[in-house]
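Participant:
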Amino acid sequence: MTIKLSYVIEFVADMDRAVKFYRDVMGLALKFQSPGWSEFATGETTLGLHPASDKNAPGKVEIGFNVANLAQFYDEMRAKGVKFPMPPKKQDFGGMLAQFEDSEGAHVSVGGEN
């Protein structure tokens, strides 16, 4: 199964300030901006900005992978003892997403077709 690093997500306190930093200071190409999610093109991996919350403090970074078959990935990883705080679930944006814990306890997102 091919697993591709597709996103690096930073949780931000001020979306406008963060977008201005990455666009105007760093020079990254802005794909789109909204109050709840903004994206920058950085080659094969997208930088996503998400509003911070009580659960995800400003400056926290999370990685996200994509797989062709999320259900298969979920089953295979669970069989290997990987914990999923969020099993595969349809999201408001229409895609499927799950979240697992890596060996260090970090939450890692994984999206897929099903």
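Here the sequence shown stands for residues 1 to 114, where the numbers follow UniProt numbering. Beta carbons are placed, not taken as given, at the ideal position from N, Cα and C, and that holds for glycine.
Could you check the C-alpha separation between Glu-101 and Lys-20 for me, to the nearest Å?
Facilitator: Counting from one through the sequence shown, the residue named residue 101 turns up at place 101. Counting from one through the sequence shown, the residue named residue 20 turns up at place 20. C-alpha separation (whole angstroms): 31 Å.
Participant: Quick one: what does DSSP say Leu-49 is sitting in, helix, strand or coil?
Facilitator: Locating residue 49 in the sequence shown gives position 49, counting from the first residue. Three-state result, Leu-49: strand.
Participant: Smallest Cα separation from Gly-81: which of Met-96, Ser-103, Lys-60, Phe-65?
Facilitator: Start at 1 with the first residue of the sequence shown, and residue 81 comes out as number 81. Looking at the Cα atoms, Ser-103 is the closest of the given residues.
Participant: Can you check which of these residues, Lys-4, Ala-106, Phe-11, is closest to Asp-54 by C-alpha distance?
Facilitator: Position 54 of the sequence shown, counted from the start, is the residue given in the question as residue 54. The shortest C-alpha separation from Asp-54 is found at Phe-11.
Participant: Rounding to the nearest angstrom, what Cα-Cα distance links His-50 and His-107 in this structure?
Facilitator: As a working mapping, residue 50 is identified with position 50 in the sequence shown. As a working mapping, residue 107 is identified with position 107 in the sequence shown. Whole-angstrom Cα-Cα distance: 15 Å.
Participant: By the three-class DSSP mapping on this structure, what secondary structure does Lys-20 have?
Facilitator: Stepping through the sequence shown from its first residue, residue 20 is reached at position 20. In this structure, Lys-20 counts as helix in the three-state DSSP scheme.
Participant: Tell me the DSSP bridge mates of Gln-86?
Facilitator: For the purposes of this step, residue 86 is taken as the residue at position 86 of the sequence shown. Looking at the sequence itself, residue 86 is Met, so the reference to Gln does not match. DSSP, once it has assigned bridges, lists Gln-99 as partnering Met-86.
Participant: Starting from Phe-32, trace the beta strand (DSSP E) both ways and give me its first and last residue.
Facilitator: Within the sequence shown, residue 32 is the residue found at index 32, counting from 1. That run of the beta strand (DSSP E) goes 29 to 32.
Participant: For residue 146, I'd like the list of residues in its chain whose CB is within less than 6 Å of its CB, leaving aside the five on either flank, ordered along the chain.
Facilitator: Outside the displayed range of the chain (1 to 114) lies residue 146, so it cannot be described from this structure.
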